[in-house]
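Asker:
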Amino acid sequence: MSTDSYLTDGDTLRSWLLTTDHKRIALLYLFTITGFFFIGGSAAALVRYNLITPEGMIHSAETYNRLFTMHGVVMVWFFLVPAVPVSLGNFLVPLMLGARDLAFPRLNLFSWYLFLLGGFIVLFSLLMGGVDTGWTFYTPLSTAYSQGYVVWCVVGIFISGFSSIATGVNFIVSIHRLRAPGMTWFRMPVFLWSLYATSVILVLATPVLAMTLLLLAFEAIFHIGVFDPALGGDPLLFQHLFWFYSHPAVYVMILPGFGIVSEIIPAFSRKELFGYKFVVWCSIAIAVISFLVWGHHMFVAGTSIYSALVFSILSYMVAVPSAIKVFNWLGTMHKGYIRFDAPMLYALGFVGLFTMGGLTGLFVAALGADVHLTQTYFVVAHFHYVMVGGMVSAFFAGLHYWWPKITGRMYPEMWGRAGALTIFIGFHLTFFPQFILGYLGMPRRYHSYSPEFQTLNVLSSAGTLVLAAGYLLPLAYLTWSLFHGEKARDNPWAATGLEWLTHSPPPTENFAETPRVTGKPYDYPPPEQAAIT
Amino acid sequence: MNLWLPAASTNAPEVDHLIWALLAISVAVLCLVFGLMLLYMFKYRSGSKIERGALAKKSWRLESAWTGATLLAFFGLFLWGADLYVRLFQPPPEALRIYVIGKQWMWKVEHIGGEREINALHVPIDMPVELVMTSEDVIHDFSIPAFRVKHDVLPGRYETLWFEAKTPGTYHLFCTQFCGIDHAHMTGEVVAMAQPDFERWLQQNDPGETMAAAGAKLYMHYGCSGCHGGNGASSATAADSTRAPRLPGLSGSPVSLTGGSTIKADDEYLRNAILNPVERRVVGYQPIMPSFAGLMSEEDLLNVIAYIKSLSPGPAT
């Protein structure tokens, strides 16, 4: 273990707040998004608390509406969208490329400040004023009828959007320009490919969100009729623009998760990733098709039948590459030498939960079934399986896998496995009942509900306790390991990838000399051979 | 715990069949994925001495096979869902029309005979019913889970939804598009009744004035008759057909607009023609009609339109 790592290179506040080292910025981001995750999570816990009784445990409907809005806004824009790219991505992209840093280190730091500024403005609007429009800000409710701090909130999101764009540009340029000698495009780890696809979406889609929110703010402040029919606008225009960003954003959340899992399953199966090129092209295909499916959020919104038909079939198309990936991960495990360390357990949990999220997506992509299921708890359960079950499990998988590299310490293995299992079980307990609630017709965003829905709601709320314990566990033992964890070796998993060639934690300059790449990624020999060589 | 949802419309069992099929496919795929995962986790655990043999090398065939199978299954599901959906958006022409206005936070319903109800909708069974819906403020959504139908209700336009109830009973009515503070209270009940019961219900709630009759009064009140003629009687005639288009027989007929296009005079067209008359000008008339936007409520508009539609296309005088 090297004595001078990036962690010991300067210990003043200034050396952290003004750092341009991608690894330190990654930690700043990690710290920030963890904070947002627990803010958003607390709001979710209160939402579930309210739904224990049909009349609502929280007295005021307005408070409840503000809570689920806060949960959605914070989780989507300040956790799910940025989480993997800004933390693990920031830390690993240069290391995996064999580079000294990202292409634009100062832009990287600037993006964190933008993120922080946007985040504070949003928190201010949510906590001081309160926004009760839902995270979707549908017009004309948001512009003409909501008495909350909607404009402040969208300004905060607008600003943080630029941080996404900056990160996206940084990754795209770095991946194009900073690959180590010998690292051709098809020798890149899938994690880099998936971040590349993610960045392309961020750079192309986020400006549309920015324009949409700007128009929304203009309408709310100056009463310029864009979306409000009373002012001559079109409320469906807002939905088109909003989902043109927000559907691709779903893939911004999940693609990095695909990347993480594609690193971990080979490493713990001691086998090459099955169908590497298929997995790579699937990421690209998802990024492209994700721009063409936004209309599936609007099957009952009053758009034309023909557009619904087109969006339905395109939604099935975007599901194909995701399905292919699941088969490829299973193919990787086939005839492997599988170990069950915590990262692998989280990754397998991801595969299970994501598969369920994906399959229930088929229900809502089928037009006739969507009419019944949309805007109910079925949809809530569906996207939580994908984004929380799937994406957050993948994030934890990656966090455990690279934790030794990032901190130089091992997390406690048994606790890690317990955490993975608790989250998997708690997640099903919380969200599975919601599929049934949705089929039975319980609408989303209801502060109070018809008594026959109570049993399932109580089950779901009880599951939240297990899930919350599951999320607090890693927070506790990972923090503990920072001080008391076993010192990590440079490559504790005997994994391939350039990031394992350097020390744990890496020195500020990453590599003493630029590494060279001579072969394919995931070159895992079977254990017997490994023992001989 | 109630895990059963009544299927009380002609459409409901069909949607259920699709959902059950999707469920069966999902369970099969889950069994495959979880089964293989658990099998491999056990069989190929690192401590296992089992002979692995040669690794599967060529993946092209396998990849094409599962890609092809997935595509095929998805295309089938698409067609199934699309068929249901397309039928759901084509109301039979003979459907009974009922008018719905959503506002924060209640549903107002008006039947063609003038019967009104709030947060309730009475419908006959075995007869297609078409709802013509609009909103006074934000976007709402009219959802009847027992019928497996829902549709957004937008301000500034008429959206429609149709169904045919099968089983008499009382069912939930929900607003499912978040519409502000009391969204969760924008609920009500849908009462499906045998046709004689429905007729009796209509008689009991007869206000003595049909929508068209109420519309006739409004037609005078707002001064429409000044240019379009008529006195509210069924033989309304154009006073001066050079000033304003004749209204009898207008509804449902094609209208030639300046600029060369032709449009069918449906409810939506009539609504726009009243609120924003200069937007689509009828060939041969000066844009002299004032806008009634902000003057007429959504109820008034529906009644006036009902009146216009009731005017029989008698000979012009």
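Residue numbers (our numbering), protein chains in the order written: chain D, 1 to 533; chain L, 1001 to 1317.
Using N, Cα and C, we set each Cβ at its ideal position, and we do this for glycine too.
Everything numeric in this text was worked out from a predicted model, so none of it was measured.
Can you tell me whether D/GLN239 is buried or exposed, with buried defined as 16 or more other CB within 10 angstroms of its CB?
Answerer: Along the first sequence, read from residue 1 onward, the residue named residue 239 of chain D stands at position 239. The residue in question, D/GLN239, is buried, as its Cβ has 16 or more Cβ neighbours within 10 Å.
Asker: How do the stretch 443–451 of chain D and the stretch 469–487 of chain D stand: do at least 3 beta-carbon pairs fall below 8 Å, yes or no?
Answerer: The stretch 443–451 of chain D vs the stretch 469–487 of chain D: no contact.
Asker: Do we get a CB-CB distance below 8 Å when we pair D/PRO534 with the residues of chain L?
Answerer: The structure shown does not extend to residue 534 of chain D, since chain D is modelled only from 1 to 533, so the question has no answer here.
Asker: Can you confirm whether D/ASP523, when its beta carbon is compared against all beta carbons of chain L, has any partner nearer than 8 Å?
Answerer: As a working mapping, residue 523 of chain D is identified with position 523 in the first sequence. Chain L, which has no Cβ nearer than 8 Å to the Cβ of D/ASP523, makes this no.
Asker: Is D/PHE453 helix, strand or coil by DSSP?
Answerer: Along the first sequence, one-based indexing puts residue 453 of chain D at 453. Of the three classes helix, strand and coil, the one that applies to D/PHE453 here is helix, per DSSP.
Asker: Looking at the C-beta of D/LYS520, does it have a partner C-beta in chain L at a distance below 8 Å?
Answerer: The residue labelled residue 520 of chain D in the question sits at position 520 within the first sequence. Taking Cβ atoms only, chain L never reaches closer than 8 Å to D/LYS520, which makes this a no.
Asker: Does DSSP classify L/LEU1161 as helix, strand or coil?
Answerer: By 1-based counting over the second sequence, the position of residue 1161 of chain L is 161. Strand, per DSSP.
Asker: By Cβ distance below 6 Å, which residues in the same chain neighbour L/ALA1239 in space, the five residues on each side in sequence not counted?
Answerer: As a working mapping, residue 1239 of chain L is identified with position 239 in the second sequence. Interpretation of L/ALA1239 is limited by its pLDDT of 49, a score under 50 that renders its predicted location unreliable; no figure is taken from the coordinates.
Asker: Can D/PRO207 be considered in contact with the ligand COA, in the sense that its beta carbon sits closer than 7 Å to one or more heavy atoms?
Answerer: The ligand COA is absent from the structure shown, which contains no ligands of any kind.
Asker: Going by alpha carbons, who is nearest to D/ARG177 out of D/LEU192, D/VAL150, D/ILE121, D/ALA103?
Answerer: Counting from one through the first sequence, the residue named residue 177 of chain D turns up at place 177. Minimum Cα distance to D/ARG177 is reached at D/ALA103.
Asker: Which of the three DSSP states is assigned to D/TRP415 in this structure?
Answerer: As a working mapping, residue 415 of chain D is identified with position 415 in the first sequence. In the structure shown, D/TRP415 sits in a helix (DSSP, three-state: H, G or I).
Asker: Could you list which residues in chain L have their beta carbon closer than 7 Å to that of D/ARG445, in chain order?
Answerer: Here residue 445 of chain D refers to the residue found at position 445 of the first sequence. Under the 7 Å cutoff, chain L gives PHE1178, HIS1183.
Asker: Please state whether DSSP places D/MET1 in a helix, a strand or coil.
Answerer: By one-based count along the first sequence, residue 1 of chain D stands at place 1. Its pLDDT being 42, under 50, D/MET1 is placed unreliably in this model, and the value from its coordinates should be taken loosely. D/MET1: coil per DSSP, three-state reduction.
Asker: How is the beta strand (DSSP E) around D/VAL76 delimited, first residue to last?
Answerer: As a working mapping, residue 76 of chain D is identified with position 76 in the first sequence. That residue, D/VAL76, is in no beta strand (DSSP E); it is neither H nor E in DSSP.
Asker: List, in order along the chain, the chain D residues whose C-beta lies closer than 7 Å to that of L/LEU1202?
Answerer: Residue numbering aside, residue 1202 of chain L sits at position 202 when the second sequence is read from its first letter. In chain order: nothing, as chain D lies at least about 28 Å away.
Asker: Given D/GLY243, which residues of its chain have a CB within under 8 Å of its CB, disregarding the five upstream and five downstream residues?
Answerer: Residue numbering aside, residue 243 of chain D sits at position 243 when the first sequence is read from its first letter. Gly is not the amino acid found at residue 243 of chain D; the sequence shown has Trp there. For D/TRP243, where only same-chain residues beyond five positions count, the Cβ hits under 8 Å are TRP294, GLY295, HIS297, MET298.
Asker: Under the three-state reduction of DSSP, which class applies to L/TRP1107: helix, strand or coil?
Answerer: As a position in the second sequence, residue 1107 of chain L is number 107, starting the count at 1. The answer is strand: DSSP assigns L/TRP1107 an E or B state.
Asker: Taking its Cβ as the centre, do 16 or more other Cβ atoms sit within 10 Å of L/ARG1271, making it buried, or is it exposed?
Answerer: Here residue 1271 of chain L is taken as the residue at index 271 of the second sequence, counted from 1. With 16 or more other Cβ atoms within 10 Å, it is buried.
Asker: Considering only residues of the same chain and omitting the five flanking positions on each side of L/VAL1190, which have a CB-CB separation below 6 Å?
Answerer: Taking the first residue of the second sequence as 1, we reach residue 1190 of chain L at position 190. Excluding residues within five positions, the ones whose Cβ falls inside 6 Å are LEU1121, ILE1144, TYR1171, LEU1173.
Asker: Counting only C-beta atoms, is L/VAL1149 closer than 8 Å to chain D at any point?
Answerer: Residue numbering aside, residue 1149 of chain L sits at position 149 when the second sequence is read from its first letter. So, interface residue.
Asker: List the endpoints of the continuous alpha helix (DSSP H) containing D/VAL380.
Answerer: If you number the first sequence from 1, residue 380 of chain D lands on position 380. D/VAL380 -> alpha helix (DSSP H) spans 377–384.
Asker: Name the one or two DSSP bridge partners that L/TYR1099 has.
Answerer: Stepping through the second sequence from its first residue, residue 1099 of chain L is reached at position 99. BP columns for L/TYR1099 point to L/GLU1110, L/VAL1132.
Asker: Is L/ASP1141 helix, strand or coil when you go by DSSP?
Answerer: As a working note, residue 1141 of chain L is residue 141 in the second sequence. In this structure, L/ASP1141 counts as strand in the three-state DSSP scheme.
Asker: Less than 8 Å between the C-beta atoms of D/GLU263 and D/PRO321, yes or no?
Answerer: Position 263 of the first sequence holds residue 263 of chain D. Position 321 of the first sequence holds residue 321 of chain D. Taking 8 Å as the Cβ cut-off, D/GLU263 and D/PRO321 do not qualify as a contacting pair.
Asker: Cβ of D/GLY35 less than 8 Å from any chain L Cβ?
Answerer: As a working note, residue 35 of chain D is residue 35 in the first sequence. Output row for D/GLY35: interface = no.
Asker: Going straight from the alpha carbon of L/MET1289 to that of L/LEU1003, what length do you get?
Answerer: Taking the first residue of the second sequence as position 1, residue 1289 of chain L is located at position 289. Taking the first residue of the second sequence as position 1, residue 1003 of chain L is located at position 3. If you take the alpha carbons of L/MET1289 and L/LEU1003, they lie about 57 Å apart.
Asker: What's the C-alpha gap between D/HIS372 and L/CYS1175?
Answerer: Here residue 372 of chain D refers to the residue found at position 372 when the first sequence is read from its first residue. Here residue 1175 of chain L refers to the residue found at position 175 when the second sequence is read from its first residue. Their Cα atoms are separated by approximately 13 Å.
Asker: Would you say D/GLN434 faces chain L, with C-beta separation under 8 Å as the test?
Answerer: Translated into positions along the first sequence, residue 434 of chain D becomes position 434. D/GLN434 does not count as touching chain L.
Asker: Would you say L/TRP1066 faces chain D, with C-beta separation under 8 Å as the test?
Answerer: For the purposes of this step, residue 1066 of chain L is taken as residue 66 along the second sequence, with counting starting at 1. Yes, L/TRP1066 lies at the interface with chain D (some Cβ there is under 8 Å from its Cβ).
Asker: Over what stretch of residues does the alpha helix (DSSP H) that includes D/ILE338 continue unbroken?
Answerer: Start at 1 with the first residue of the first sequence, and residue 338 of chain D comes out as number 338. Neither: D/ILE338 is in no alpha helix (DSSP H) and is coded neither H nor E.
Asker: Assuming contact is defined by CB atoms lying nearer than 8 Å, are L/ALA1216 and L/TYR1307 in contact in what I supplied?
Answerer: Within the second sequence, residue 1216 of chain L is the residue found at index 216, counting from 1. Within the second sequence, residue 1307 of chain L is the residue found at index 307, counting from 1. Cβ distance < 8 Å, so L/ALA1216 and L/TYR1307 count as in contact.
Asker: Is L/ASP1083 helix, strand or coil when you go by DSSP?
Answerer: Start at 1 with the first residue of the second sequence, and residue 1083 of chain L comes out as number 83. DSSP places L/ASP1083 in helix when its eight states are reduced to three.
Asker: Any idea which residues DSSP pairs L/TYR1171 with across the strands?
Answerer: Position 171 of the second sequence, counted from the first residue, corresponds to residue 1171 of chain L. L/VAL1190.
Asker: Determine the direct distance from the alpha carbon of D/THR63 to that of D/HIS71, and round the result to whole angstroms.
Answerer: Counting from one through the first sequence, the residue named residue 71 of chain D turns up at place 71. Counting from one through the first sequence, the residue named residue 63 of chain D turns up at place 63. Distance between the alpha carbons of D/HIS71 and D/THR63 is about 12 Å.
Asker: Does chain D have any CB closer than 8 Å to the CB of L/GLU1279?
Answerer: Your numbering for residue 1279 of chain L matches position 279 in the second sequence. With 8 Å as the cut-off, L/GLU1279 does not count as an interface residue toward chain D.
Asker: Starting from the Cα of L/GLU1209, find the closest Cα among L/ASN1303, L/ALA1021, L/ALA1146, L/HIS1151 and give me that residue.
Answerer: Counting from 1 along the second sequence, the entry for residue 1209 of chain L is found at position 209. Among L/ASN1303, L/ALA1021, L/ALA1146, L/HIS1151, the Cα nearest to that of L/GLU1209 belongs to L/ASN1303.
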